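In what follows, a single structure is set out as structure tokens and then discussed.
So, in structure tokens, the structure goes:
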């Protein structure tokens, strides 16, 4: 067996032993969860034995069924709570169960009982679901996003390098839907060379949007590890196998909007590379891709300005990083955020319009929808109000709808706004409380950094 296979099995064996030890100690406080933990602990011991000594196929199949039962029980428990109220014990049980189940799959593959691609697809998808669903929570400190990343790297090494991509080298820069017209008096200022002190002064006394042109020049994502190259992104996602959550639809407030968890390669094929005439719209939006795939985190750097308020507070929280990747005309509707934001453009171009907090009365904020407070999101469809997008057929000849659009235009014309086009290397400061609308003009990849000022 080659070195990568030995390392992969040793990596899994260490995790199985840690899981077995963790289930043996302490109590969860819930009889149902405690019973599931004890069952998982017994399976962890059997997984250790499976790797170290030959076992019949029937025994392996029974072990896999028991692990699937534990994972299924944990999954059902995850969905029994609000996403932010799931008990840590169920999250850990789900991750630990997935690690053991994929361990069994790797052992079967090593013994020649599973095909390379079938095993790889199954292991990658199950580990990614655990990362995305639970954040990699575990009963043991040795398992998490870093453990998963190392397991997948070793798996790729054991299988050999991926096949070279046969698609075009770089993403298209075409802007098939055009660009909103810009008015000179409303353009965001474009600046460079600011010191931290000058930035802090701006945030204390003005806190208006600015475009900085010199914050990203050293990023590998723009230079020697360019995200504009399809082949590079495929290589960092195990030839496109890594799962990513995507929003299907033009905007999260549109009817028919939904969410899917799909392989990154399928996202490229179905939503980025597909012909314009047949392409549906989907957006990899507000996803912490860098926790899931640390290799991409190494291609970017947190701008120093994100620490502007941390000088007297040494335990300031880390900025929140999110990825935004999609085709032309993906839209984030007018909304506000509870944090200051640096929106950093890596690939393609985006149009952004911003209104100050004082314009809230003209934004027509939404109310509660399906039990969720949507007051930070406007009910105005800026693309329709400004005539950039076609009206739905059901509304195109409705006089009441036409009157509402006219009234919205009049309200927006009564308040000041600023706007800009972001290209690769541009970073837009969006101060907390500013309403902003974001529209992809081309295939676009953006990183946002939220921090508390």
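In my numbering, the protein residues as written are 714 to 1166.
Where is the CB? At the ideal position from N, CA and C, for every residue including glycine.
Here the structure is a predicted model, which is why all the values come from computation and not from measurement.
Residue i: which of the options sits nearest, CA to CA?
i, options, result
"residue 751", "1137, 734 and 1049", "734"
"residue 1074", "1104, 1054, 1082 and 1123", "1123"
"residue 899", "1140, 1065, 962 and 782", "1065"
"residue 930", "834, 788, 716 and 1139", "1139"
"residue 777", "760, 787 and 764", "760"
"residue 912", "1156, 1160, 1144 and 826", "1144"
"residue 1161", "1087, 1069, 1098 and 1002", "1002"
"residue 1116", "1097, 837, 1009 and 1069", "1097"
"residue 889", "1142, 1101, 1147 and 1135", "1101"
"residue 745", "773, 715 and 789", "789"
"residue 726", "826, 959 and 819", "819"
"residue 796", "1085, 1134 and 1157", "1085"
"residue 724", "892, 859 and 785", "859"
"residue 1053", "774, 887 and 1141", "1141"
"residue 1058", "1069, 962, 987 and 1155", "1155"
"residue 821", "767, 891, 955 and 935", "767"
"residue 943", "986, 915, 842 and 914", "986"
"residue 892", "1063, 1147, 749 and 1007", "1063"
"residue 962", "1046, 934, 1036 and 1009", "1046"
"residue 774", "801, 827 and 914", "827"
"residue 769", "824, 715, 800 and 749", "824"
"residue 1006", "749, 840, 722 and 765", "840"
"residue 1069", "1082, 1087, 1120 and 901", "901"
"residue 974", "903, 838 and 1036", "838"
If you draw a straight line from the C-alpha of residue i to the C-alpha of residue j, how long is it?
i, j, result
"residue 884", "residue 951", "19 Å"
"residue 941", "residue 846", "28 Å"
"residue 1107", "residue 1013", "Caution is warranted here: a pLDDT of 49 is assigned to residue 1107, below 50, making its placement in the model unreliable, and no coordinate value can be reported."
"residue 1164", "residue 972", "26 Å"
"residue 754", "residue 996", "39 Å"
"residue 791", "residue 976", "22 Å"
"residue 848", "residue 896", "44 Å"
"residue 720", "residue 1095", "54 Å"
"residue 1049", "residue 1090", "7 Å"
"residue 729", "residue 863", "15 Å"
"residue 948", "residue 1076", "43 Å"
"residue 925", "residue 1129", "21 Å"
"residue 917", "residue 757", "55 Å"
"residue 946", "residue 1104", "36 Å"
"residue 831", "residue 856", "24 Å"
"residue 865", "residue 771", "27 Å"
"residue 854", "residue 1030", "21 Å"
"residue 1061", "residue 882", "15 Å"
"residue 785", "residue 1135", "44 Å"
"residue 844", "residue 803", "14 Å"
"residue 798", "residue 850", "14 Å"
"residue 737", "residue 747", "10 Å"
"residue 717", "residue 731", "21 Å"
"residue 938", "residue 932", "9 Å"
"residue 990", "residue 765", "55 Å"
"residue 1137", "residue 1146", "25 Å"
"residue 1158", "residue 988", "19 Å"
"residue 703", "residue 910", "No answer is possible for residue 703: it lies beyond the span of the chain, which begins at 714 and ends at 1166."
"residue 861", "residue 807", "14 Å"
"residue 779", "residue 829", "24 Å"
"residue 894", "residue 1099", "10 Å"
"residue 1051", "residue 886", "32 Å"
"residue 1082", "residue 1088", "10 Å"
Return the Cβ separation of residue i and residue j in integer angstroms, given the expectation that the two are a contact with Cβ distance under 8 Å.
i, j, result
"residue 957", "residue 1004", "Between residue 1004 and residue 957 the Cβ distance is about 12 Å, and since that is not below 8 Å, they are no contact."
"residue 805", "residue 852", "4 Å"
"residue 927", "residue 905", "4 Å"
"residue 814", "residue 782", "Contact doesn't hold; Cβ gap of about 10 Å is too wide."
"residue 817", "residue 763", "7 Å"
"residue 1056", "residue 1132", "About 13 Å separates the two Cβ atoms, so there is no contact after all."
"residue 1092", "residue 1079", "5 Å"
"residue 1015", "residue 1032", "6 Å"
"residue 992", "residue 833", "Not confirmed; about 28 Å, so no contact."
"residue 868", "residue 836", "7 Å"
"residue 998", "residue 960", "5 Å"
Report whether the distance from the Cβ of residue i to the nearest heavy atom of the ligand ADP is below 6 Å.
i, result
"residue 939", "With respect to the ligand ADP, the structure shown offers nothing to examine, as it has no ligands at all."
Hey, does residue i have any beta-carbon neighbour from chain B nearer than 7 Å?
i, result
"residue 907", "No chain B is part of this structure, which consists of one protein chain only."
The segment 917–926 in contact with the segment 1150–1164 per 3-pair CB rule at 8 Å: Verdict: no, contact absent.
Segment contact, 8 Å Cβ cut-off, at least three pairs: the segment 1009–1020 with the segment 973–981: no
Secondary structure, alpha helix (DSSP H): runs of 4+ residues fully inside the segment 918–995: DSSP runs (the alpha helix (DSSP H)) wholly in the segment 918–995: 943–949 and 977–980.
At least three beta-carbon pairs within less than 8 Å, the segment 1037–1049 to the segment 1124–1133: no
Unbroken stretches of the alpha helix (DSSP H), 4 residues or longer, contained in the segment 834–880: 858–872
Contained alpha helix (DSSP H) runs [length at least 4] in the segment 1084–1158, N- to C-terminal order: Every alpha helix (DSSP H) stretch that sits fully inside the segment 1084–1158 and reaches 4 residues is listed by chain position as 1095–1098, 1106–1109 and 1112–1126.
Residue ranges of each alpha helix (DSSP H) within the segment 715–745, 4 or longer: 716–737
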